[in-house]
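Using the working numbering, you'd call the opening residue of the sequence shown number 1220 and step up by one each time. C-beta atoms are modelled at their ideal positions from N, C-alpha and C, and glycine is treated no differently.
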Amino acid sequence: MHREMAKGVYYVGVDDHHTELFENLWKIPFGVSYNSYLIVDEKTALIETVKDPWSKEWLDNIGEIIDPKDIDYIILNHMEPDHTSSLPDIAELAPNATLIFTERASDMQKSFYGLSLKEKVVEDLEELSLGNKTLKFVHTPFLHWPETMMTYIMEDEVLFSCDAFGTFGALNGKVFDDEIDMRMVESESRRYLSSIITTYFKFVQRGIAKIKDLGIGVKMVAPSHGPIFRKDPMWIVNKYDEWTHPELEKYVTIVYGSMYGFTHRLALKLKSELLKLGVEVKIHNISYTDMSTVLVDAVRPSVLVVGAPTYDAHPFPKIWTFANEVQGKRIPVKKVALFGTYGWGGGGVKKLQKMFEEMKFEILEPVIRVKARPSEEESQQIVALAKNIAEHVK
Ligand code: FEO
């Protein structure tokens, strides 16, 4: 299936309803799309390929419009294999095509696929005429990898933004924002952003600023995952801007694990005390919520609160994994509160504290370590912690 976006510009992407975890990490219960685009002018340009199990369907989509051997340019905005693993298939059908990408992408192509197609490395803001349409290439490093760029059709004002402004969720033939439920797009784009792009928030800000500084019109934002925005192209740009803004949001997120309910009790007591103080609280039991959903609320609160029982002298394993995500994603949050329970040794909270100290978080007092069931006195520590947290949210 293909869809025409503008005269001579087509969506030729595919839906993935088979993969359970994107990057083998993040749940995608509504699937995901791998978007690819075809521009037919005096010269023909293909933008992105797709993940290889969907190669045949994608080639069929292209074949509905042109013979693949007539492709002049294959534009690779980003080399991650969800966008390039079908490259060897199209290379076989279009051996005279020229690959267009950044210098770093050229290096990656050689190590990923070793193809000997002609290639043209494009500089930032370089232009390429296809006949009636002109492409401009905008380097946007770390959206999502260092080699990434965007491609823009100057006459049609269509911005092919690759991973930036992307969304989880298959499209099922409805490829435009005016054809789908935007509430779903809002939640799935934020989950996608928090899972995939959190480490690169400052690059999202830089990329958006760069596009705005170029002063170009944008009638359509066409990412490589999720819908094409034509009704309100700046909607997704503004959402990404808001969700990556350096100023944190005024709520507290509690992420905790619990084996037999003791840490759970502390979490609920803390939530209750914070609510009494008028603080907005988001709370996740790590055992029941997918990490991608936890991250949506954990990457930008004013204060992050982490609770864990001790398990094998370490924090509850799923919380340990969460703490490692916090470290790897370098979330912009800088204040953390910690609590937990233990049966005898009690290394869980101590190890969390050491880890957050190494990450240069400000640890809000008191750090609460309770032997099994919290006493009345220990419950009062939660009241004190809530008061301290509330001061830091104001
Ligand atoms: Fe959709 Fe970074 O690849």
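My output table needs one value for residue i: the three-state DSSP class, helix, strand or coil.
{"i": "residue 1241", "result": "strand"}
{"i": "residue 1282", "result": "helix"}
{"i": "residue 1419", "result": "helix"}
{"i": "residue 1438", "result": "coil"}
{"i": "residue 1613", "result": "coil"}
{"i": "residue 1555", "result": "strand"}
{"i": "residue 1297", "result": "coil"}
{"i": "residue 1290", "result": "coil"}
{"i": "residue 1404", "result": "helix"}
{"i": "residue 1481", "result": "helix"}
{"i": "residue 1575", "result": "helix"}
{"i": "residue 1588", "result": "strand"}
{"i": "residue 1619", "result": "Limits of the chain in this structure are 1220 at one end and 1613 at the other, which puts residue 1619 out of reach."}
{"i": "residue 1386", "result": "coil"}
{"i": "residue 1520", "result": "strand"}
{"i": "residue 1487", "result": "helix"}
{"i": "residue 1393", "result": "coil"}
From what residue to what residue does the alpha helix (DSSP H) around residue i run?
{"i": "residue 1542", "result": "1536-1548"}
{"i": "residue 1562", "result": "From DSSP, residue 1562 is part of no alpha helix (DSSP H); its letter is neither H nor E."}
{"i": "residue 1513", "result": "1510-1517"}
{"i": "residue 1272", "result": "Here residue 1272 belongs to no alpha helix (DSSP H), and DSSP marks it neither H nor E."}
{"i": "residue 1264", "result": "Element bounds for residue 1264: not the alpha helix (DSSP H) but the beta strand (DSSP E), 1263-1266."}
{"i": "residue 1312", "result": "1306-1312"}
For residue i, which beta-bridge partners are listed by DSSP?
{"i": "residue 1369", "result": "1357"}
{"i": "residue 1335", "result": "Answer is none; residue 1335 lacks a bridge partner."}
{"i": "residue 1460", "result": "Looking at the DSSP assignment, residue 1460 forms no beta bridge with any residue, so it has no partner."}
{"i": "residue 1230", "result": "1222, 1256"}
{"i": "residue 1235", "result": "1251"}
{"i": "residue 1593", "result": "Paired residues: none, contrary to the question."}
{"i": "residue 1503", "result": "1474"}
{"i": "residue 1581", "result": "1554"}
{"i": "residue 1317", "result": "1292, 1337"}
{"i": "residue 1352", "result": "None, per the DSSP bridge assignment."}
Quick one: is residue i near chain D, going by C-beta distance under 8 Å?
{"i": "residue 1539", "result": "In the structure shown, chain D does not exist; there is a single protein chain."}
Under the assumption that residue i contacts residue j (Cβ atoms under 8 Å), give the Cβ distance between them as a whole number of angstroms.
{"i": "residue 1472", "j": "residue 1517", "result": "5 Å"}
{"i": "residue 1674", "j": "residue 1588", "result": "As shown, the chain starts at 1220 and ends at 1613. That puts residue 1674 outside it, with no answer to give."}
{"i": "residue 1389", "j": "residue 1252", "result": "5 Å"}
{"i": "residue 1513", "j": "residue 1557", "result": "No, residue 1513 and residue 1557 are not in contact; Cβ-Cβ is about 16 Å, not under 8 Å."}
{"i": "residue 1380", "j": "residue 1440", "result": "6 Å"}
{"i": "residue 1450", "j": "residue 1397", "result": "4 Å"}
{"i": "residue 1445", "j": "residue 1395", "result": "Rounded, the Cβ-Cβ distance is 11 Å, inconsistent with contact."}
{"i": "residue 1580", "j": "residue 1554", "result": "7 Å"}
{"i": "residue 1612", "j": "residue 1522", "result": "6 Å"}
{"i": "residue 1277", "j": "residue 1231", "result": "7 Å"}
At which residues does the beta strand (DSSP E) containing residue i begin and terminate?
{"i": "residue 1362", "result": "Element bounds for residue 1362: n/a, residue is neither H nor E."}
{"i": "residue 1447", "result": "First-last for residue 1447: undefined, no H or E at that position."}
{"i": "residue 1346", "result": "1346-1348"}
{"i": "residue 1469", "result": "1468-1475"}
{"i": "residue 1380", "result": "1377-1381"}
Legend entry - Residues passing the C-beta test against the ligand FEO heavy atoms, cut-off 5 Å: With 5 Å as the limit, the residues whose C-beta approaches a heavy atom of the ligand FEO more closely than that are 1299, 1301, 1363, 1382, in chain order.
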